[in-house]
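In the numbering used here, the protein residues as written are -17 to 47.
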Amino acid sequence: MNGDAHRAESVFIRALVDVPNNGWALYGLREAQLAMGNDAAAKYADTLFRQAWVGDTDALSLESL
-17 MNGDAHRAES VFIRALVDVP NNGWALYGLR EAQLAMGNDA AAKYADTLFR QAWVGDTDAL
43 SLESL
């Protein structure tokens, strides 16, 4: 999954360039960074995600992306 995580990270970053503060992209970015073991980046992405997301976070899943 690590190779997929690197590709996913790139896709989510590009999505954030097009639509800053996109909660779905921030969620995916956080998950990709966690999968790569980049805890500091994932923590930052999580902070941005929590500022951008409105609603129940329990409903989120990678399968929803």
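Note that beta-carbon positions come from the ideal geometry of N, C-alpha and C, so glycine has one too.
About 14 Å separates the CB atoms of Leu47 and Ala27; that is not less than 8 Å, and the two are not in contact.
By the criterion of a C-beta distance shorter than 6 Å, Glu(-9) is surrounded in its chain by Ala14, once the five residues flanking it on both sides are discounted.
Taking 4 residues as the minimum length, the alpha helix (DSSP H) runs contained wholly in the stretch -13 to 17 are 5 to 17, in order along the chain.
Arg32 and Gly(-15) have their C-alpha atoms spaced approximately 26 Å apart.
Under a 10 Å Cβ-count criterion, Ala41 is classified as exposed, with fewer than 16 other Cβ atoms of the shown protein chains found around its own Cβ.
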